[in-house]
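Following: one structure in structure tokens, then a few remarks.
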Amino acid sequence: MGPIGNAEIASLSLAGLGTAVTESELVERAKRLLIHHGYIYVRDVPASFDYVVFAGKFGDVTPHHDGSLIWDVRPEAGMEDVYHSGNMQALAPHTEATEHQETPPRYLALWCVKSASGPGGETTLADGYQWLRSLGQADIVALSTHHYEWRSTDGFARKGLSFSARHPILEEVGTTPILRYCSKDVVPVLDGFQERILDSARRFFDQKHIAIKIDRNSLLLWDNWRMIHARNSFNDPERHLKRLLIAHRDEGSINV
1 MGPIGNAEIA SLSLAGLGTA VTESELVERA KRLLIHHGYI YVRDVPASFD YVVFAGKFGD
61 VTPHHDGSLI WDVRPEAGME DVYHSGNMQA LAPHTEATEH QETPPRYLAL WCVKSASGPG
121 GETTLADGYQ WLRSLGQADI VALSTHHYEW RSTDGFARKG LSFSARHPIL EEVGTTPILR
181 YCSKDVVPVL DGFQERILDS ARRFFDQKHI AIKIDRNSLL LWDNWRMIHA RNSFNDPERH
241 LKRLLIAHRD EGSINV
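Reading the sequence shown from the start, the letters are residues 1 to 256 in UniProt numbering.
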């Protein structure tokens, strides 16, 4: 475990495990940390490390909207003035793929080609299930029964893409909760609930998040049904991460 700010990061160093640890033992250790914390930061991975194969131990690696299995997260020309991961702006707290009809990816994985030099560029995470546990039963019921429209942001529109779907903020696959959260994607309504509950989640995120600046030879993997994530702004146009989407594979449930 390594500290950042006042928080302890749930991390696993491959350099410290030694050759006696098998691949299956490594995966089981990572899964235990993932279940407990909602994320795992794997450090000191060797040059031969196969990120796609490792991610596939947690679920089925699925293509992004453009058909690519691995998505490059780096500043793109012509995207500077829109809300999109392809620039250097901060990204607001959210879960991934709220605006898609399909079940959101269960896990996301990011690894580093080049970390941002200078300040910024951290991925920030907070435990959405912990936030849910802080709510009263009436709010939990409302999260499941109020359905909202979710739409893709102007960044996707710039690329000629448009997605929309109607979902509750909270639903279940089997007995495993799926939390959807994105103030940028959800269409505002004046129902006396949406604004208050989104503000509650944002305040929780601001108070409880951890920040991880992903280094080279490191992988950050988190539960997208559970963790709310965001990104701090940065100034290095050479920052370059790669991302995988990992679909749910039923291996038991997690209760709120």
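Don't be surprised by glycine CBs; every beta carbon is placed ideally from N, CA and C.
Quantities reported herein were computed from a predicted structural model and do not represent experimental measurements.
Own chain partners of residue i with C-beta closer than 7 angstroms, once the 5 adjacent residues on each side are dropped
i, result
"Asp-154", "Val-82 and Tyr-83"
"Gly-120", "Asn-232, Ser-233, Phe-234 and Asn-235"
"Glu-172", "Ile-178"
"Val-256", "A caution first: Val-256 carries a pLDDT of 43, below 50, which makes its placement in the model too unreliable to give a value."
"Ala-92", "Ser-183, Lys-184 and Ala-230"
Bounding residues of the alpha helix (DSSP H) (the contiguous stretch that carries residue i)
i, result
"Thr-145", "137-145"
Continuous beta strand (DSSP E) stretch holding residue i: start and end
i, result
"Ala-92", "91-94"
"Glu-195", "Careful: Glu-195 lies outside any beta strand (DSSP E), inside the alpha helix (DSSP H) at 194-208."
"Tyr-107", "107-114"
"Arg-158", "That residue, Arg-158, is in no beta strand (DSSP E); its alpha helix (DSSP H) goes 154-158."
"Arg-74", "Premise fails: Arg-74 is in no beta strand (DSSP E) and is neither H nor E."
Other residues of its chain near residue i: CB distance less than 6 angstroms, five sequence neighbours each side excluded
i, result
"Leu-14", "Asp-44 and Val-45"
"Cys-182", "His-94 and Thr-98"
"Trp-71", "His-64 and Arg-243"
"Ser-115", "Asp-215"
"Glu-238", "Lys-114"
Sequence-distant residues of its chain with Cβ nearer than 8 angstroms to residue i (five each side left out)
i, result
"Pro-188", "Gln-194 and Glu-195"
"Glu-149", "Ser-164, Ala-165, Arg-166, Val-186 and Val-187"
"Met-1", "Because Met-1 sits at a pLDDT of 32, beneath the cut-off of 50, its placement in the model cannot be relied upon, and the point is left open."
"Ala-90", "Ala-230, Arg-231, Asn-232 and Ser-233"
Nearest candidate by alpha-carbon position, reference residue i, set the options
i, options, result
"Ile-178", "Trp-225, Ala-201 and Asp-50", "Trp-225"
"Val-113", "Gly-128, Leu-219, Gly-78 and His-229", "Leu-219"
"His-37", "Ile-246, Leu-245 and Trp-222", "Trp-222"
"Ser-85", "Ser-152, Gly-174 and Ser-134", "Ser-152"
"His-147", "Lys-31, Gln-101 and Arg-203", "Gln-101"
"Arg-203", "Phe-156, Gly-128, Ala-138 and Thr-145", "Gly-128"
Whether residue i touches residue j by CB criterion (8 angstroms)
i, j, result
"Ile-197", "Arg-180", "no"
"Ala-142", "Ala-55", "no"
"His-229", "Arg-106", "no"
"Trp-111", "Tyr-39", "no"
"Leu-125", "Ile-210", "yes"
"Ile-246", "Glu-122", "no"
"Asn-87", "Pro-75", "yes"
"Gly-174", "Asp-250", "yes"
"Arg-158", "Met-227", "no"
Test: residue i CB closer than 8 angstroms to a CB of chain B
i, result
"Ala-126", "Among the chains of the structure shown, chain B does not appear; only one protein chain is present."
Unbroken stretches of the beta strand (DSSP E), 3 residues or longer, contained in the segment 21-72: 39-43 and 60-62
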